[in-house]
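J.: One structure, pasted below without further comment.
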Amino acid sequence: MKRRYSLKKNEAIKRVLDQRQSVRNRHFSIHQRKNHELKYFRFAISVPKKYGNAVERNLMRRRLRMIIASQTLINGVDFFVIVSPNAKTLTYPMIETMFIQLLSKAKLIEVKL
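Heads up: the sequence shown runs through residues 3 to 115, numbered per my numbering.
Below, the structure is given as structure tokens:
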């Protein structure tokens, strides 16, 4: 996934969190904000230290990035994904189905006609 799709600055993430338009389930929460200045989406992922060591946290980040890359997401939106520590018990297929359901609940997935 290209670097331009990531939210890099703390100010940008704080703007998304201040908007407080969020969707969540037991394992993930997605905070989103419309960004009409850009023609593409941007995202950031946060996995807390309570989740596990650095290897486990990075594995979860890589998995979520792969799921996001495999989906057709709407443009002009910034979103921030926060992973709950109890998501550690999930297998990859469970992570994929739950996260895609949450993306569709947040209306971030483009509808194919």
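Every residue, glycine too, gets a C-beta built ideally from N, C-alpha and C. Here the structure is a predicted model, which means the values were calculated and not measured.
May I have the straight-line CA-CA distance separating N37 from D80, to the nearest angstrom?
T.: Counting from 1 along the sequence shown, the entry for residue 37 is found at position 35. Counting from 1 along the sequence shown, the entry for residue 80 is found at position 78. Looking at the two C-alpha atoms, the distance is approximately 6 Å.
J.: In its own chain, which residues sit with a C-beta less than 6 Å from the C-beta of K41, not counting the 5 before and 5 after it?
T.: Along the sequence shown, read from residue 1 onward, the residue named residue 41 stands at position 39. Same-chain partners within the cutoff: N77.
J.: Report yes if the C-beta distance between Q73 and L105 is below 8 Å; otherwise report no.
T.: Residue numbering aside, residue 73 sits at position 71 when the sequence shown is read from its first letter. Residue numbering aside, residue 105 sits at position 103 when the sequence shown is read from its first letter. Yes; because the gap between Cβ atoms is below 8 Å, this pair is in contact.
J.: By DSSP's criteria, K149 is part of a beta bridge. Which residues make up the other side?
T.: With the chain represented from 3 up to 115, any question about residue 149 goes unanswered, as that position is not in the structure.
J.: Alpha carbon to alpha carbon, how far is S31 from P50?
T.: What you label residue 31 is simply residue 29 of the sequence shown in a count that begins at 1. What you label residue 50 is simply residue 48 of the sequence shown in a count that begins at 1. For S31 and P50, the distance between alpha carbons rounds to 13 Å.
J.: Quick check on L19: buried or exposed, where buried means 16 or more other Cβ atoms within 10 Å of its Cβ?
T.: Start at 1 with the first residue of the sequence shown, and residue 19 comes out as number 17. L19 should be labelled exposed.
J.: Going by Cα to Cα distance, which pick from H29, K10, S24 is closest to L66?
T.: Position 64 of the sequence shown, counted from the start, is the residue given in the question as residue 66. If we check each option's Cα against that of L66, H29 comes out closest.
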